[in-house]
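Read left to right, the sequence shown gives residues 0 to 85 (numbering that gives the first Met the number 0). Idealized CB from N, CA, C, for every residue including glycine. All figures in this text were calculated on a predicted structure; none of them were measured in a lab. Below is one structure, written out as structure tokens, with a few remarks after it.
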Amino acid sequence: MTIFKVKKNVLSPVSEKKLDLEKDIQKLTESNLRVLFGINFVSGASNREFSVKALEQEFYIDTLAFDESQKSFVIIEYKKDKSFSS
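Here is the structure:
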């Protein structure tokens, strides 16, 4: 789906920028949580505050945010490709 920008009443397509790393997607999203989703950043995976060790693996929350309007936490898991933690 093409996305367009408007400048002086003229539409022009926005060029796609590929993000090569999952951490790039995470950093961009965390920096813009309020603009994108209207939620507040609480914690990210970089500090590993919220992790659980199970089955000899460590699992952690990529991004933890808070939605003030719903009074609830929001957990965001990033995937660059179609994959899952195993």
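Residue environment, residue i, which counts as buried when at least 16 other CB atoms sit within 10 Å
i    : result
I60  : buried
T62  : buried
L121 : The structure shown does not extend to residue 121, since the chain is modelled only from 0 to 85, so the question has no answer here.
Whole-angstrom distance between residue j and residue i, CA atom to CA atom
i   : j   : result
I67 : A53 : According to the sequence displayed, residue 67 carries Glu and not Ile. Computed Cα separation, rounded: 31 Å.
K22 : V9  : 35 Å
Residue i - DSSP class collapsed to helix/strand/coil
i   : result
Q56 : strand
Presumed contact (8 Å Cβ cut-off) between residue i and residue j, rounded CB distance
i   : j   : result
I24 : A64 : Rounded, the Cβ-Cβ distance is 15 Å, inconsistent with contact.
S11 : K4  : 6 Å
T28 : I75 : 7 Å
F58 : V51 : 5 Å
Short CB-CB distance (under 8 Å) between residue i and chain E
i   : result
I24 : This model lacks chain E altogether; it includes just one protein chain.
Strand pairing of residue i, partner residues [DSSP]
i  : result
V5 : L10
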